[in-house]
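Enquirer: Numbering (our numbering), first residue to last: 557 to 773. Every residue gets a Cβ at the ideal spot worked out from N, C-alpha and C, and that includes glycine. Because the structure is a prediction, the values reported are computed rather than measured.
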(Lines of atoms letter the chains of each structure in order from A and count residues from 1; the text may use other names and numbers.)
(Lines give C-alpha, C1' and ligand atoms only; values in the text may rest on other atoms or scores of the structure.)
Protein backbone atom coordinates (compact mmCIF):
# COMPACT_ATOMS: atom_id res chain seq x y z
CA UNK A 1 0.00 0.00 0.00
CA UNK A 2 1.37 3.38 -0.95
CA UNK A 3 2.47 5.55 2.01
CA UNK A 4 0.68 8.86 2.44
CA UNK A 5 2.91 11.93 2.88
CA UNK A 6 1.73 13.50 6.15
CA UNK A 7 3.62 16.77 5.58
CA UNK A 8 1.54 19.18 3.53
CA UNK A 9 3.55 20.99 0.87
CA UNK A 10 4.25 24.72 1.51
CA UNK A 11 1.84 26.62 -0.73
CA UNK A 12 3.52 28.28 -3.68
CA UNK A 13 1.59 31.51 -3.07
CA UNK A 14 2.91 31.78 0.49
CA UNK A 15 6.48 31.38 -0.76
CA UNK A 16 5.93 34.14 -3.29
CA UNK A 17 4.48 36.46 -0.67
CA UNK A 18 7.42 35.83 1.68
CA UNK A 19 9.90 36.57 -1.09
CA UNK A 20 8.06 39.76 -2.02
CA UNK A 21 7.98 40.89 1.62
CA UNK A 22 11.72 40.26 1.94
CA UNK A 23 12.40 42.34 -1.17
CA UNK A 24 10.24 45.21 0.08
CA UNK A 25 11.99 45.16 3.47
CA UNK A 26 15.43 45.22 1.84
CA UNK A 27 14.37 48.02 -0.52
CA UNK A 28 12.98 50.03 2.40
CA UNK A 29 16.22 49.68 4.34
CA UNK A 30 18.25 50.90 1.39
CA UNK A 31 15.94 53.90 0.98
CA UNK A 32 16.35 54.77 4.66
CA UNK A 33 20.13 54.40 4.40
CA UNK A 34 20.16 56.66 1.33
CA UNK A 35 18.16 59.37 3.12
CA UNK A 36 20.48 59.25 6.15
CA UNK A 37 23.55 59.38 3.91
CA UNK A 38 22.23 62.45 2.05
CA UNK A 39 21.46 64.22 5.34
CA UNK A 40 24.85 63.41 6.86
CA UNK A 41 26.92 64.12 3.75
CA UNK A 42 27.37 67.90 4.27
CA UNK A 43 28.62 67.43 7.82
CA UNK A 44 30.92 64.54 6.88
CA UNK A 45 32.36 66.42 3.92
CA UNK A 46 33.01 69.52 5.97
CA UNK A 47 34.86 67.47 8.58
CA UNK A 48 36.87 65.67 5.95
CA UNK A 49 37.78 69.04 4.47
CA UNK A 50 39.20 70.40 7.72
CA UNK A 51 40.26 67.45 9.86
CA UNK A 52 41.38 64.79 7.39
CA UNK A 53 42.06 66.13 3.90
CA UNK A 54 44.78 68.75 3.79
CA UNK A 55 45.03 70.11 0.25
CA UNK A 56 48.47 71.23 -0.78
CA UNK A 57 48.92 74.94 -0.32
CA UNK A 58 46.17 75.38 2.26
CA UNK A 59 47.34 77.32 5.29
CA UNK A 60 45.68 78.34 8.53
CA UNK A 61 46.79 81.23 10.67
CA UNK A 62 45.44 79.56 13.80
CA UNK A 63 46.97 76.36 15.12
CA UNK A 64 44.74 73.34 14.51
CA UNK A 65 44.12 71.30 17.66
CA UNK A 66 43.14 67.65 17.96
CA UNK A 67 39.69 67.76 19.61
CA UNK A 68 40.08 64.17 20.85
CA UNK A 69 42.90 65.31 23.12
CA UNK A 70 40.85 68.18 24.57
CA UNK A 71 37.24 67.05 25.14
CA UNK A 72 34.95 69.78 26.38
CA UNK A 73 34.39 69.53 30.16
CA UNK A 74 31.05 70.06 31.86
CA UNK A 75 31.50 73.65 33.02
CA UNK A 76 29.22 74.89 35.79
CA UNK A 77 29.23 78.56 34.86
CA UNK A 78 27.30 81.64 35.94
CA UNK A 79 26.63 84.27 33.29
CA UNK A 80 27.41 87.76 34.54
CA UNK A 81 24.74 90.30 33.74
CA UNK A 82 22.15 87.54 33.26
CA UNK A 83 21.47 86.02 36.70
CA UNK A 84 18.09 84.75 35.50
CA UNK A 85 19.88 82.13 33.41
CA UNK A 86 21.27 80.46 36.52
CA UNK A 87 23.98 77.84 35.99
CA UNK A 88 24.94 77.39 32.33
CA UNK A 89 27.61 75.48 30.46
CA UNK A 90 29.12 75.65 27.01
CA UNK A 91 26.74 72.86 26.00
CA UNK A 92 24.05 75.55 25.90
CA UNK A 93 25.78 77.03 22.84
CA UNK A 94 26.06 73.84 20.77
CA UNK A 95 25.17 74.43 17.16
CA UNK A 96 27.23 77.65 17.01
CA UNK A 97 30.87 78.42 16.35
CA UNK A 98 32.34 79.72 19.62
CA UNK A 99 35.13 82.27 19.90
CA UNK A 100 36.53 81.94 23.42
CA UNK A 101 38.68 84.32 25.42
CA UNK A 102 39.89 83.79 29.00
CA UNK A 103 40.56 86.67 31.40
CA UNK A 104 40.05 88.05 34.86
CA UNK A 105 36.77 89.87 35.42
CA UNK A 106 38.87 92.99 36.09
CA UNK A 107 39.76 92.99 32.35
CA UNK A 108 42.86 95.12 31.80
CA UNK A 109 43.78 96.83 28.53
CA UNK A 110 44.88 93.66 26.71
CA UNK A 111 41.62 91.97 27.71
CA UNK A 112 39.52 94.84 26.33
CA UNK A 113 41.43 94.72 23.06
CA UNK A 114 40.65 91.02 22.68
CA UNK A 115 36.96 91.62 23.39
CA UNK A 116 36.96 94.38 20.77
CA UNK A 117 38.75 92.21 18.20
CA UNK A 118 36.39 89.28 18.74
CA UNK A 119 33.35 91.54 18.39
CA UNK A 120 34.65 93.02 15.14
CA UNK A 121 35.64 89.61 13.79
CA UNK A 122 32.07 88.45 14.20
CA UNK A 123 30.62 91.60 12.63
CA UNK A 124 32.79 91.44 9.50
CA UNK A 125 31.40 87.99 8.66
CA UNK A 126 28.26 89.79 7.47
CA UNK A 127 25.30 87.48 6.91
CA UNK A 128 27.27 84.60 8.46
CA UNK A 129 27.84 86.37 11.80
CA UNK A 130 24.82 84.77 13.48
CA UNK A 131 26.64 81.44 13.27
CA UNK A 132 29.21 82.73 15.78
CA UNK A 133 28.88 83.29 19.55
CA UNK A 134 31.38 85.26 21.64
CA UNK A 135 32.24 83.73 25.01
CA UNK A 136 34.38 85.40 27.68
CA UNK A 137 35.42 82.81 30.26
CA UNK A 138 36.02 84.73 33.49
CA UNK A 139 38.53 82.71 35.51
CA UNK A 140 38.25 84.48 38.87
CA UNK A 141 35.64 85.92 41.25
CA UNK A 142 35.90 89.47 39.90
CA UNK A 143 32.65 91.10 38.81
CA UNK A 144 32.67 92.35 35.23
CA UNK A 145 32.02 96.08 34.97
CA UNK A 146 28.55 96.92 33.57
CA UNK A 147 30.32 99.23 31.11
CA UNK A 148 31.99 96.24 29.46
CA UNK A 149 28.77 94.22 29.34
CA UNK A 150 27.09 97.16 27.60
CA UNK A 151 29.95 97.96 25.25
CA UNK A 152 30.27 94.34 24.15
CA UNK A 153 26.57 93.48 24.26
CA UNK A 154 25.80 90.02 22.90
CA UNK A 155 28.96 88.57 24.43
CA UNK A 156 28.45 85.95 27.17
CA UNK A 157 30.66 86.52 30.24
CA UNK A 158 30.73 83.18 32.06
CA UNK A 159 32.41 82.82 35.44
CA UNK A 160 34.01 79.36 35.45
CA UNK A 161 36.42 77.27 37.47
CA UNK A 162 40.00 78.21 36.54
CA UNK A 163 41.34 74.70 37.19
CA UNK A 164 38.89 73.24 34.67
CA UNK A 165 40.00 75.73 32.06
CA UNK A 166 43.67 74.95 32.62
CA UNK A 167 43.04 71.23 32.17
CA UNK A 168 41.02 71.77 29.00
CA UNK A 169 42.56 74.63 27.02
CA UNK A 170 46.16 74.13 25.84
CA UNK A 171 48.53 77.09 25.84
CA UNK A 172 51.61 77.79 23.77
CA UNK A 173 54.89 76.88 25.44
CA UNK A 174 55.61 79.44 28.13
CA UNK A 175 52.29 81.15 27.46
CA UNK A 176 49.11 81.86 29.42
CA UNK A 177 45.43 81.20 28.77
CA UNK A 178 44.67 84.90 28.63
CA UNK A 179 47.01 85.35 25.65
CA UNK A 180 44.96 83.22 23.26
CA UNK A 181 41.69 83.20 21.36
CA UNK A 182 40.20 79.72 20.94
CA UNK A 183 37.70 78.40 18.43
CA UNK A 184 35.15 75.65 19.17
CA UNK A 185 33.07 74.11 16.38
CA UNK A 186 29.26 73.65 16.51
CA UNK A 187 29.63 70.08 17.77
CA UNK A 188 31.61 71.21 20.81
CA UNK A 189 35.08 70.31 19.50
CA UNK A 190 37.99 72.55 20.48
CA UNK A 191 39.68 72.87 17.11
CA UNK A 192 41.85 76.00 16.82
CA UNK A 193 44.04 78.32 18.90
CA UNK A 194 45.33 81.76 17.97
CA UNK A 195 48.64 83.17 19.22
CA UNK A 196 49.38 86.03 21.56
CA UNK A 197 48.66 89.43 19.97
CA UNK A 198 46.96 87.67 17.06
CA UNK A 199 46.43 89.57 13.81
CA UNK A 200 42.64 90.11 13.43
CA UNK A 201 42.89 90.27 9.63
CA UNK A 202 44.40 86.80 9.50
CA UNK A 203 41.82 85.43 11.94
CA UNK A 204 39.10 86.93 9.73
CA UNK A 205 40.36 84.91 6.75
CA UNK A 206 40.42 81.70 8.80
CA UNK A 207 36.84 82.26 9.97
CA UNK A 208 35.60 83.02 6.47
CA UNK A 209 37.16 79.80 5.14
CA UNK A 210 35.73 77.73 7.99
CA UNK A 211 32.22 79.10 7.61
CA UNK A 212 32.34 78.64 3.85
CA UNK A 213 33.61 75.05 4.10
CA UNK A 214 31.29 73.98 6.90
CA UNK A 215 27.67 72.94 6.52
CA UNK A 216 27.15 72.84 10.28
CA UNK A 217 26.46 75.70 12.64
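Is it buried or exposed, residue 517, if we count other Cβ atoms within 10 angstroms and call 16 or more buried?
Expert: Lying before the first or after the last residue shown, residue 517 is absent from the chain, which here runs from 557 to 773.
Enquirer: Residue 750 lies in the alpha helix (DSSP H); which residues open and close that run?
Expert: Residue 750 -> not in any alpha helix (DSSP H); beta strand (DSSP E) instead, spanning 746-750.
Enquirer: Among all the DSSP beta bridges, which residues are the ones paired with residue 657?
Expert: Looking at the DSSP assignment, residue 657 forms a beta bridge with 692 and 737.
Enquirer: Can you look up residue 674 in the DSSP assignment and give me helix, strand or coil?
Expert: Residue 674: helix per DSSP, three-state reduction.
Enquirer: Relative to the alpha-carbon of residue 690, which residue among 671, 619 and 638 has its alpha-carbon at the smallest distance?
Expert: With distances taken between Cα atoms, residue 690 lies closest to 671.
Enquirer: For residue 628, which residues in the same chain have their Cβ closer than 8 Å to its Cβ, ignoring the five residues on either side in sequence?
Expert: Taken in chain order, the residues that qualify are 646, 647, 724, 740, 744, 745 and 746.
Enquirer: Would residue 644 pass as a contact of residue 714 if the rule is Cβ separation under 8 Å?
Expert: Cβ atoms of residue 644 and residue 714: closer than 8 Å.
Enquirer: Determine, using beta-carbon pairs with one atom in the stretch 679-690 and one in the stretch 654-666, whether at least three such pairs fall under 8 Å.
Expert: With a cut-off of 8 Å, the stretch 654-666 and the stretch 679-690 count as touching, because enough Cβ pairs lie within range.
Enquirer: Between residue 618 and residue 709, what straight-line distance do the alpha-carbon atoms span, to the nearest angstrom?
Expert: The alpha-carbon atoms of residue 618 and residue 709 are separated by roughly 26 Å.
Enquirer: Does the Cβ-Cβ distance between residue 756 and residue 693 come in under 8 Å?
Expert: Contact flag unset, no.
Enquirer: Using a 10 Å radius around the Cβ and a threshold of 16 neighbouring Cβ atoms, would you call residue 753 buried or exposed?
Expert: Looking at its Cβ environment, which holds fewer than 16 other Cβ atoms inside 10 Å, residue 753 is exposed.
Enquirer: Answer yes or no: do residue 695 and residue 658 have a C-beta to C-beta separation smaller than 8 Å?
Expert: Cβ distance < 8 Å, so residue 695 and residue 658 count as in contact.
Enquirer: When you compare only the Cα positions, how much space is there between residue 665 and residue 675?
Expert: The alpha-carbon atoms of residue 665 and residue 675 are separated by roughly 15 Å.
Enquirer: Taking the beta carbon of residue 630 as the centre, do at least 16 other beta carbons fall within 10 Å, making it buried, or is it exposed?
Expert: Exposed.
Enquirer: Could you tell me which whole beta strand (DSSP E) segments of length 3 or greater appear in the stretch 700-736?
Expert: Counting only runs of 3 or more, we get 712-715.
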